[in-house]
Amino acid sequence: MKTSLVILILSAVVAAVIADGEYAPPALEKKYDGYFQYANVPGKDEYEFGHNRGNPSHNRNQYEQSKDHRFRTKVKWSDAYGGNGEHHWEYNHANPAYKTNDYAAPAYAAPAYPAPAQDYAAPGYSAPYPTYEEAPAAKV
C-alpha cells in the first residue's frame, strides 16, 4: 500500500514538472558535414533528387531532374589524389512530327532442314498401363 502511494505521488510530481515546461529533452545535435541526399516529387511525371556522398578523400555529387519533356543530370566527383571530373547530360524529347527512317527488313532464305520422317515416333515410350496388386494378407 505504501509503495503504491509513493509511486502515485512520484508520478504526479513528474507529470507536473513535464507539464510546466521545466523539463525539456536534450536537443538532437545535427552535425552537417557537407554530405546529404534528398528527393522531391512535386507532381505527376516530375521529380528531382540529388546527393553529396563520400568523405574528404573521395566524394561524389549528383543532381537529377525530370520535368515536362526534359531530363537532365549532373555528376561530379573528386578524390584526394587530384582526380576529378564532371558530366552533364540533358535530353529533350524530339518533335512529335519526327519520324524514324523506315526501311524494309532484309530478306533471308528459309533454312534448309530435312523434313522429318512421316512415321516418326519417340523411341522407348509407350502408354502407361495401370497395374494392380493384391494387398498382402494381414498377419494375426
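In case it helps, mature numbering (1 follows the signal peptide of the UniProt record, and there is no 0) puts the sequence shown at residues -19 to -1, 1 to 121. Beta carbons are placed, not taken as given, at the ideal position from N, Cα and C, and that holds for glycine. Note that the structure is predicted; figures quoted are calculated from it, not measured.
Contact under 8 Å by Cβ, residue i with residue j
| i | j | result |
| --- | --- | --- |
| R51 | R41 | no |
| residue 202 | V56 | Given that the chain is displayed from residue -19 to residue 121, the structure contains no residue 202 and the question cannot be resolved. |
| G31 | Y19 | yes |
| P37 | A8 | no |
Sheet register partners of residue i (DSSP bridge)
| i | result |
| --- | --- |
| H69 | K55 |
| H32 | Q18, Q43 |
| G24 | E27 |
| A60 | Reading off the sequence, residue 60 comes out as Asp, not Ala. DSSP lists H39 as partners of D60. |
| K48 | R51 |
DSSP three-state assignment for residue i, whether helix, strand or coil
| i | result |
| --- | --- |
| S38 | coil |
| K(-18) | helix |
| A(-5) | helix |
Residue from the options with nearest C-alpha to residue i
| i | options | result |
| --- | --- | --- |
| T54 | N36, V(-6), S38, Y28 | Y28 |
| P58 | W70, H39, N73 | Correcting the residue type first, residue 58 is Trp in the shown sequence and not Pro. For W58, the nearest C-alpha among the options comes from H39. |
| H24 | T(-17), D49, Y72 | Before going further, note that residue 24 is Gly rather than His in the sequence given. The candidate whose alpha carbon is nearest that of G24 is D49. |
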